[in-house]
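Inspection log for the structure reproduced underneath, given as structure tokens.
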Amino acid sequence: MLSRIPAVTRCLSLAALCAASSVHALEFPLPPPGEDIVGQVQVIKAKYEDTFADLGTKYDLGYLEMIAANPGVDPWLPGAGKDIVLPTRFILPPGPREGIVINLAEYRMYYYPKGQNVVHTYPLGVGREGWGSPIGVTKVTAKTPNPTWTPPAS
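In terms of mature numbering (1 follows the signal peptide of the UniProt record, and there is no 0), the sequence shown is residues -25 to -1, 1 to 129.
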């Protein structure tokens, strides 16, 4: 069952979230035509207090990405001095490199700012288990400055 909130509203909310100053993204120069890989894998030494959730926040990576890149490592207690792989190398999704592209399979958003030769990438999370994400091409048809919003009844 899909959410009662229209897909356009969700996309605009996501874009607004990404534009907020508290949200950080990995930024990479776009590769030459015909190439689709950006970034490089990094390896760091964990500190005693590190968790995958904290490292993901610090390095703009999703929790599931961190777990997949570090099989057999406890995500809550990796251990001081343990090598931790940071999966900061990405294959850009196929299609036009413009606007916002969401890769549902990897829980990642790619933003191609107009007139710039860069891509910003953000980790995404699932809003509610069991609610499918809409798939399709969307566009903004109207903008309202300083819109109001009332939370729906729960």
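Backbone N, C-alpha and C define an ideal beta-carbon position, used for all residues, glycine too.
Anticipated Cβ contact below 8 Å, residue i with residue j, distance rounded
{"i": "residue 16", "j": "residue 62", "result": "6 Å"}
{"i": "residue 77", "j": "residue 30", "result": "Residue 77 to residue 30, Cβ: 23 Å. No contact."}
For residue i, three-class secondary structure by DSSP
{"i": "residue 110", "result": "coil"}
{"i": "residue 30", "result": "helix"}
{"i": "residue 99", "result": "coil"}
{"i": "residue 81", "result": "helix"}
Buried versus exposed, by CB contacts within 10 Å (16 or more), residue i
{"i": "residue 80", "result": "exposed"}
{"i": "residue 105", "result": "exposed"}
{"i": "residue 49", "result": "exposed"}
{"i": "residue -5", "result": "At residue -5, the pLDDT of 38 sits below 50, so the modelled position is not reliable; the number obtained from the coordinates is stated separately. So residue -5 counts as exposed."}
{"i": "residue 121", "result": "exposed"}
Rounded straight-line distance, which links the Cα of residue j to that of residue i
{"i": "residue 152", "j": "residue 96", "result": "Summary: the structure shown does not reach residue 152, with the chain confined to residues -25 through 129, and so no result is reported for it."}
{"i": "residue 45", "j": "residue 93", "result": "28 Å"}
{"i": "residue 111", "j": "residue 54", "result": "42 Å"}
{"i": "residue 118", "j": "residue 51", "result": "42 Å"}
{"i": "residue 68", "j": "residue 91", "result": "18 Å"}
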